[in-house]
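J.:
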Ligand SMILES: Cc1ncc(C[n+]2csc(CCOP(=O)(O)OP(=O)(O)O)c2C)c(N)n1
Ligand code: SF4
Ligand SMILES: [Mg+2]
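What follows is the structure, given as structure tokens:
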């Protein structure tokens, strides 16, 4: 083994070492800035190596992300990042691969790839920048926009029922499903780290404010005033408490129910205790999806790791198969392959 | 009565029956045995689009045609000497392609009332009798009955017994052509090692067929075909897709790059996916994607990651891959797109052959997006063409399109295969790692061939960003600068054009280097053009044949070569696609011969056309 000379010790990178020399071109005030900043600082905190890290995106405002990361990166085509990522990871499974997508990129044009990527479970991290709008094309409704949304392409209101990305992910048997928001840097960083450490495909949905075309879409969840009553921060093996400790979720049979902890009828001990590894309950949590602005009885929107499980990754299995084939058949021999079964001689 | 043996120069046999009758297998086994005798040969399978079209109907007829002989064989033959018809529909579908006074071997059980009705014969029709009246020799054999009788003692069920019928036919043909049964016995032993009952039943029926020929007095002649004058060497029989697969695997070994194949099943390209999936011990990674878009994009990802990245499909799949191919082009990554063409447009004729995706290969992407295109010309040539496509993509850092077609993919021919050691290595230059933190890496810096470096993730010191947005020259940064876009468009074109300086000049395949008539071809018309030009040369005409491997860019001397002939004839299995491009590029008049019927051009029709042009001199 060779030892590194002292001055060659890998120097610790700082968040700013992960920034490129390119001007960041998002609109001032866009939620993407916060996400970029948290990702850069998480990469530094995790002491990741920029040469082994790759960011792959589709198309959209959010998908400009790789240009701003001083790592390897590819801004691919609209919706297809999951496929590009699959090929890259299978070419070189040693790489840390991060995929960046938007609500339109990942769940409209790329919806099919998304489903298959989630069930395939390559060891990658997916960050979904959900702003409930098509930002780059200047403000049409997206598959996550609410019914009735008025945009340039829906002047009388959108007719499309919105997609619930995390419920869809659970339906596709995703192995890691989490949600965070641009306006809670601390939580976002924690979720980025959790995604990174998950072995398998981690889908992290990040509520992101598009202050130009859909300003305030998530304010009810992100702003101090409403946040306590509209959100619930999940923690593994902790009861589902929200409303600054005044409210909780209890399971009445299979029905989640909001209970008042101050009333005296129920205590914390009566509440649903979060189990990250429970797929059925994870499924239910992704269904906490009513809009508190239109439905006063809406269950609070969950943030945190909704579900995580270990399942063999596609990349590991593929390389295991290659190894088994060699064990069984020996290293491929070109001459034997070319000659095949039956040959004859012309003299 | 004694049997006499007659020596004959060439024979064309067609095996035709229901898709469930095992005609493809019967044909393949007979072909393999024929190859062992040293005949030259060419085959053409012709199957229905549906896996199990209704039994007994015309739509369900599956055929396998074999042409073999003691001379050079270029095509699977226009007309057949012998038709094996397992049912009435098989006869009806093929009657017009039997030579005058040809032979029909009819399985009588396939000509009962029900089968006649399914084949849409009128009530009371007697097609075998009518065929006799038309001068065909018809041998009627109760094959089902004979098979069942010979398997009386077998423990197999009736259905399984009936499945041995094709062995009876095969055995009979082995007798008729003076063969022994060994190659098929070996095959059966391998195939049914674990099913002794099935093995025994097949063996028994095979032998029964042979003995039937020997002992039945109706058959008085057997035929002998001498070996063909072939180059010395070791041969095997090979199908197009099979050779293509082996070419790709070989390129992977020769470039020392792991091969990644991203694909979505589609006829007639699926066998490439199947074939590569069986070579996992060569480190071949096959990825059956959720659709063609994912297949090509995964291939782009694998190319970016440093693998030998290939995606394969047919025309409809290429249509879906367009944007992804454009991405590969913009990223200037090496990857091969294989298109095994079939009849189009849209779903078209999935199981039929056509050369109609050439313009798609040239122009089927948004933007000014030139790509090199090469074509394979025959089953065994797929091996070389695949290696050539890989070599080109790795050396010129551009996606390369490789065109094959259904006829080549499923056809077979003898192949004097090479030794691995004689195949040259393919050089790959990855950008080397660097410790220099300050030096700016320029991902779009080019060499004298306009080729950029291949800097793969994981390489120390080369972290950089690429993408589908227009690149600034050298830095690869996003650029909307007008002059830069024009420059980059031109340099992408120049990079492809430059390839002309690195490929062989166009050669004349057959005939003089100047003269009256040149037949120019590309792809699967190779065999039929060879055979027509061969004949016309023998008849004393001033004619030559040139066949294009490189369609974009063309070999440097092509214009000069075309102008060395008074007339250029261009046969294509499409509505004149290469003709458009040649006219556009060289502004020379062309005589087109286009057949768009989902089948190869026959020798007779082409000879008639080309011959009449020759006659005008
Ligand atoms: C094939 C194709 N179709 C359409 C577009 C136009 N387009 C670019 S981004 C986009 C929507 C992006 O929305 P989203 O993914 O939500 O990203 P955001 O801009 O909101 O971050 C569309 C429709 C495109 N680039 N490519
Ligand atoms: S349009 Fe919206 S999402 Fe796009 S950069 Fe501007 S604020 Fe951000
Ligand atoms: Mg969006």
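Protein chains in written order, with the working numbering: chain F, 1 to 347; chain C, 1 to 617.
By construction, the Cβ of each residue, glycine as well, lies at the ideal position given by its N, Cα and C atoms.
So, is residue 191 of chain F buried or exposed, given that buried needs 16 or more other C-beta atoms within 10 angstroms?
T.: Looking up residue 191 of chain F in the first chain gives position 191. That one is buried.
J.: Out of C:109, C:261 and C:299, point me to the one whose CA is closest to residue 283 of chain C's CA.
T.: In the second chain, the residue the question calls residue 283 of chain C occupies position 283. Ranked by how close their Cα comes to the Cα of residue 283 of chain C, the residues C:109, C:261 and C:299 have C:261 in first place.
J.: Per DSSP, what kind of secondary structure is residue 356 of chain C in: helix, strand or coil?
T.: Residue mapping note: residue 356 of chain C aligns to position 356 of the second chain, counting from 1. Coil, per DSSP.
J.: Drop a sphere of 10 angstroms on the beta-carbon of residue 190 of chain C, count the other beta-carbons inside from all chains shown, and report buried for 16 or more, exposed for fewer.
T.: Reading the second chain from its first residue, position 190 is the one you call residue 190 of chain C. Under this definition residue 190 of chain C is an exposed residue.
J.: Would you mind telling me which residues of chain F sit closer than 9 Å to residue 183 of chain C, beta carbon to beta carbon, in chain order?
T.: Residue 183 of chain C sits at position 183 when you count from the first residue of the second chain. The answer, in chain order, is 342.
J.: How many Å lie between residue 329 of chain F and residue 248 of chain C at the Cα?
T.: For this step, residue 329 of chain F is matched to residue 329 along the first chain. For this step, residue 248 of chain C is matched to residue 248 along the second chain. Near 19 Å, if we compare the C-alpha coordinates of residue 248 of chain C and residue 329 of chain F.
J.: Closer than 8 Å, CB to CB, is residue 335 of chain F near chain C or not?
T.: If you number the first chain from 1, residue 335 of chain F lands on position 335. Yes, residue 335 of chain F counts as interfacial toward chain C.
J.: So with Cβ pairs under 8 Å, would you call residue 74 of chain F a contact of chain C?
T.: Reading the first chain from its first residue, position 74 is the one you call residue 74 of chain F. True, the Cβ-Cβ gap to chain C drops below 8 Å.
J.: Would a C-beta distance cut-off of 8 Å place residue 124 of chain F and residue 97 of chain F closer than the cut-off?
T.: Against the first chain, residue 124 of chain F aligns to sequence position 124. Against the first chain, residue 97 of chain F aligns to sequence position 97. Going by C-beta atoms, residue 124 of chain F is nearer than 8 Å to residue 97 of chain F.
J.: Where do the ends of the alpha helix (DSSP H) carrying residue 230 of chain F lie?
T.: Along the first chain, read from residue 1 onward, the residue named residue 230 of chain F stands at position 230. Unbroken alpha helix (DSSP H) run through residue 230 of chain F: 227-230.
J.: Where do the ends of the beta strand (DSSP E) carrying residue 247 of chain F lie?
T.: Along the first chain, read from residue 1 onward, the residue named residue 247 of chain F stands at position 247. Its beta strand (DSSP E) spans residues 247-252.
J.: Contact criterion: CB-CB distance below 8 Å. Does residue 291 of chain C meet it with respect to chain F?
T.: Mapped onto the second chain, residue 291 of chain C falls at position 291. Cβ-Cβ to chain F under 8 Å: yes for residue 291 of chain C.
J.: Cα-Cα, which of C:93, C:540, C:41 and C:86 is closest to residue 58 of chain C?
T.: Residue mapping note: residue 58 of chain C aligns to position 58 of the second chain, counting from 1. Looking at the Cα atoms, C:93 is the closest of the given residues.
J.: Quick one: grab the DSSP three-state call for residue 140 of chain C.
T.: In the second chain, the residue the question calls residue 140 of chain C occupies position 140. Judged by DSSP in its simplified three-state form, residue 140 of chain C adopts strand.
J.: Among residues of its own chain, excluding the 5 on either side of residue 233 of chain C, which ones have a beta-carbon nearer than 7 Å to its beta-carbon?
T.: Position 233 of the second chain holds residue 233 of chain C. Closer than 7 Å at Cβ, skipping near neighbours: 416.
J.: Just jot down, in chain order, the residues whose CB lies closer than 7 Å to any heavy atom of ligand 4.
T.: Ligand 4 is not part of the structure shown, which contains ligand 1, ligand 2 and ligand 3 as its ligands.
J.: Which of the three DSSP states is assigned to residue 57 of chain F in this structure?
T.: For the purposes of this step, residue 57 of chain F is identified with residue 57 of the first chain, where counting begins at 1. Strand at residue 57 of chain F.
J.: Could you tell me whether the region 366-382 of chain C touches the region 295-313 of chain C, using the rule of 3 or more Cβ pairs below 8 Å?
T.: no
J.: For the alpha helix (DSSP H) containing residue 40 of chain F, name the first residue and the last one.
T.: Reading the first chain from its first residue, position 40 is the one you call residue 40 of chain F. Its alpha helix (DSSP H) spans residues 32-45.
J.: Closer than 7 Å, Cβ to Cβ, to anything on chain C: give me those residues from the region 30-55 of chain F, in chain order.
T.: Cβ contacts with chain C: 50, 51, 52 and 54.
J.: Quick check: is the beta carbon of residue 174 of chain F nearer than 8 Å to any beta carbon in chain C?
T.: Numbered from 1 along the first chain, position 174 holds the residue referred to as residue 174 of chain F. No, residue 174 of chain F lies away from the interface with chain C (no Cβ there is under 8 Å from its Cβ).
J.: With 9 Å as the limit, tell me which residues of the region 80-93 of chain F have their beta carbon closer than that to any beta carbon of chain C; keep them in chain order.
T.: Taking 9 Å as the Cβ-Cβ cut-off against chain C, the residues of the region 80-93 of chain F that qualify are 80, 81, 82, 83, 84, 85, 86, 87, 88, 89, 90, 91 and 92.
J.: By how many angstroms is the C-alpha of residue 463 of chain C removed from the C-alpha of residue 442 of chain C?
T.: Numbered from 1 along the second chain, position 442 holds the residue referred to as residue 442 of chain C. Numbered from 1 along the second chain, position 463 holds the residue referred to as residue 463 of chain C. Approximately 10 Å, taken between the alpha carbons.
J.: Tell me which residues share the same chain as residue 143 of chain F and place their Cβ nearer than 8 Å to its Cβ, disregarding the 5 neighbours each side in the sequence.
T.: Taking the first residue of the first chain as position 1, residue 143 of chain F is located at position 143. So the list reads 103, 104, 107, 108, 111, 160, 162 and 163, once near-sequence residues are dropped.
J.: Could you tell me whether the region 178-186 of chain C touches the region 145-162 of chain C, using the rule of 3 or more Cβ pairs below 8 Å?
T.: no
J.: Leaving out five residues before and five after residue 13 of chain F in sequence, what residues of the same chain have Cβ atoms less than 6 Å from its Cβ?
T.: Taking the first residue of the first chain as 1, we reach residue 13 of chain F at position 13. Hits under 6 Å: 44.
J.: Any beta carbon from chain C within less than 8 Å of residue 161 of chain F's own beta carbon?
T.: For the purposes of this step, residue 161 of chain F is taken as residue 161 along the first chain, with counting starting at 1. Cβ-Cβ to chain C under 8 Å: no for residue 161 of chain F.
J.: Given the structure, does residue 32 of chain F come close to ligand 2, in the sense that its CB is under 7 Å from one of the ligand's heavy atoms?
T.: The residue you call residue 32 of chain F lines up with position 32 of the first chain. Yes, ligand 2 has a heavy atom inside 7 Å of this Cβ.
J.: Within 8 Å (strictly less), CB to CB, does residue 71 of chain C reach chain F?
T.: In the second chain, the residue the question calls residue 71 of chain C occupies position 71. No, no contact with chain F.
J.: Shorter than 8 Å from the beta carbon of residue 469 of chain C to some beta carbon of chain F?
T.: If you number the second chain from 1, residue 469 of chain C lands on position 469. Residue 469 of chain C counts as touching chain F.
J.: What first and last residue would you give for the alpha helix (DSSP H) that runs through residue 609 of chain C?
T.: For this step, residue 609 of chain C is matched to residue 609 along the second chain. First-last of the alpha helix (DSSP H) with residue 609 of chain C: 603-615.
J.: Just mark residue 619 of chain C as buried or exposed, buried being the case when its beta carbon has 16 or more other beta carbons within 10 Å.
T.: Shown here, chain C extends from 1 to 617; a query on residue 619 of chain C therefore has no answer.
J.: Expressed to the nearest angstrom, what Euclidean distance is found between the alpha-carbon atoms of residue 503 of chain C and residue 320 of chain C?
T.: Taking the second chain and counting its residues from 1, one reaches residue 503 of chain C at position 503. Taking the second chain and counting its residues from 1, one reaches residue 320 of chain C at position 320. Cα to Cα, residue 503 of chain C sits roughly 30 Å from residue 320 of chain C.
J.: With burial defined as no fewer than 16 other Cβ atoms inside 10 Å of the residue's Cβ, what is the status of residue 347 of chain F: buried or exposed?
T.: In the first chain, the residue the question calls residue 347 of chain F occupies position 347. It counts as exposed.
J.: Using alpha carbons as the reference points, say which of C:269, C:278 and C:169 lies closest to residue 351 of chain C.
T.: Position 351 of the second chain holds residue 351 of chain C. Ranking the options by Cα distance to residue 351 of chain C, first place goes to C:269.
J.: What does residue 458 of chain C touch in chain F if you count any residue whose Cβ is under 9 Å from its own?
T.: On the second chain, position 458 is the one that residue 458 of chain C refers to. Near residue 458 of chain C (Cβ distances below 9 Å), the residues of chain F are 51, 52, 54, 72, 92, 94 and 95.
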